[in-house]
Amino acid sequence: MKRFLFYYFLTFFILLILLSKAFSWGFFAHKNINRLAVFTLPADLAGFYKKHIDYITNQAVAPDKRRYIVKEEGARHFIDLDYYLDTLQLKLPIPWKEMDSLIGEEAQLKHGILPWHLNLMKIRLTAAFKNKNGNEILKLSADIGHYIGDAHVPLHTCSNYNGQYTNQHGIHGLWESRIPEINFSNYDFWVGPAEYINKPTDAFWRMVFESHALVDSVLILEKQLSQTFPSDQKYSFEQRGSVMAKVYSKEYSLKYDQMLKGQVEDRMRSAVKMVGSIWYSCWIDAGKPCLDEVNFYSIPEEKDQNNLAVPDHEDCHGH
Ligand SMILES: [Zn+2]
6 MKRFLFYYFL
16 TFFILLILLS
26 KAFSWGFFAH
36 KNINRLAVFT
46 LPADLAGFYK
56 KHIDYITNQA
66 VAPDKRRYIV
76 KEEGARHFID
86 LDYYLDTLQL
96 KLPIPWKEMD
106 SLIGEEAQLK
116 HGILPWHLNL
126 MKIRLTAAFK
136 NKNGNEILKL
146 SADIGHYIGD
156 AHVPLHTCSN
166 YNGQYTNQHG
176 IHGLWESRIP
186 EINFSNYDFW
196 VGPAEYINKP
206 TDAFWRMVFE
216 SHALVDSVLI
226 LEKQLSQTFP
236 SDQKYSFEQR
246 GSVMAKVYSK
256 EYSLKYDQML
266 KGQVEDRMRS
276 AVKMVGSIWY
286 SCWIDAGKPC
296 LDEVNFYSIP
306 EEKDQNNLAV
316 PDHEDCHGH
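Residue numbers (my numbering): 6 to 324.
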């Protein structure tokens with residue numbers, strides 16, 4: 006019996022290790038957007054962020070992990086603009102209070118609240134700077150970097166978020182995980198210095214509208230490619246840690262990226278610049294506090310959340 010229990014737990018732990026490795030690679034783009042944004046900052050801010058760059062980088066994926074603990078979290082990562090614009094016939098943007106009184110919590114959870122949540126995060130990060138609260142500054146900076154990253158992904162702005170209505174299941178991960186992972190070293194991330202954003206609310210809405218305008222090309226081009234590309238070469242198997250995973254083949258992914266004419270690179274570049282610019286704007290709006298004087302009340306880690314196994318980011322869209 007003891008031997009049986011031993012093997013039972015051994016198998017369980019091996020499985021756990023395999024799962025955590027298999028599920029961690031999809032966050033590549035988020036981590037790099039946060040990391041690269043640090044290098045857009047002016048000297049007054051850069052020192053502080055560089056000192057904590059590992060935290061800012063690793064915590065870029067914390068909001069996705071939080072989805073498994075906090076019910077409301079999923080809706081903060083996307084907005085089904087087709088629902089708000091076409092089904093509800095709303096003229097966006099509208100203030101949070103107006104939207105909140107128009108549709109109930111269930112619809113909000115189902116169709117997403119990303120730009121409204123970004124607004125709240127901007128207010129919170131500005132307050133954290135004002136209070137010189139080091140933990141909050143780092144945590145909220147990492148979080149807002151994640152949400153800004155999501156706002157730049159076209160498929161985070163529509164209900165057909167993983168091609169499920171057009172028989173293109175998997176396209177979400179192809180666009181936002183697989184392509185950046187393969188082509189990252191060829192992208193140009195010189196995006197210039199962070200800039201002060203005068204009207205952050207407008208900027209957040211602009212991000213999702215720009216992303217939404219690209220949805221058609223994202224879907225149509227992949228459909229075209231899948232109809233012309235040899236179907237036996239569309240997928241391949243790659244080693245992911247200790248497991249073999251079925252992935253879109255390199256050839257297929259590169260061809261798609263080429264057809265998109267730099268769209269993935271453009272959106273990533275724009276996200277990097279915007280993350281740096283929003284951090285910088287919060288700091289300015291807080292009265293440019295001296296960051297040598299910030300206080301830390303504990304080690305800035307979300308340890309309880311870091312140990313959770315998390316599915317590939319294509320499942321991040323909270324439907
Ligand atoms: Zn997300």
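Virtual Cβ for every residue (Gly too), placed ideally from N, Cα, C. Note that the structure is predicted; figures quoted are calculated from it, not measured.
| query | Does the Cβ-Cβ distance between N37 and V280 come in under 8 Å? | reply | no
| task | Return yes when the C-beta of H116 is under 7 Å from any heavy atom of ligand 1, and no when it is not. | result | no
| Is the beta carbon of P68 within less than 7 Å of some heavy atom of ligand 1? | yes
| request: Specify whether the region 147-159 and the region 81-91 touch according to this definition: at least 3 beta carbon pairs, one from each stretch, less than 8 Å apart. | output: yes
| message | Pairs of beta-carbons, one from the region 126-140 and one from the region 280-294, closer than 8 Å: are there three or more? | response | yes
| said: Taking the alpha-carbon of A199 as reference, which of H35, A42 and A34 has the nearest alpha-carbon? | reply: A42
| task | Please find out if some non-hydrogen atom of ligand 1 comes closer than 7 Å to the beta-carbon of H82. | result | yes
| message | Assuming L130 and C287 are in contact, meaning their beta carbons sit under 8 Å apart, how far apart are those beta carbons, in whole angstroms? | response | 4 Å
| said: To the nearest angstrom, how far is the alpha carbon of K96 from that of A208? | reply: 17 Å
| Does at least one heavy atom of ligand 1 sit under 7 Å from the Cβ of D155? | yes
| said: Any heavy atom of ligand 1 closer than 7 Å to the beta-carbon of H151? | reply: yes
| field | V196 versus Y166, R245, S282 and A250, residue with shortest Cα-Cα distance | value | S282
| message | How far does the beta strand (DSSP E) with Q244 in it extend, from its first residue to its last? | response | Y240 to R245
| field | Every unbroken alpha helix (DSSP H) within the region 140-216, with a cutoff of 4 residues, ordered by chain | value | 184-188
| task | Specify, as a first and last residue, the run of the alpha helix (DSSP H) that V223 falls within. | result | V220 to T233
| field | Whole-number beta carbon distance between S254 and K239, since they are thought to touch under 8 Å | value | 6 Å
| message | Here's the rule: buried if 16 or more other CB atoms are within 10 angstroms of the residue's CB, otherwise exposed. What is H174? | response | exposed
| message | In the DSSP output, which residue or residues are listed as bridge partners for M104? | response | Answer by DSSP bridge pairing: none, since M104 is not bridged.
| said: With the cut-off set at 8 Å, would you say V158 and E181 are in Cβ contact? | reply: yes
| task | Specify the secondary structure class of V248 as computed by DSSP and reduced to three states. | result | strand
| message | Taking a contact to mean a Cβ-Cβ separation below 8 Å, would you say P100 touches W210 in this structure? | response | no
| field | S247 classed as buried or exposed, judged by whether at least 16 other C-beta atoms fall within 10 angstroms | value | exposed
| Taking C-beta to C-beta, are Q64 and A147 nearer than 8 Å? | yes
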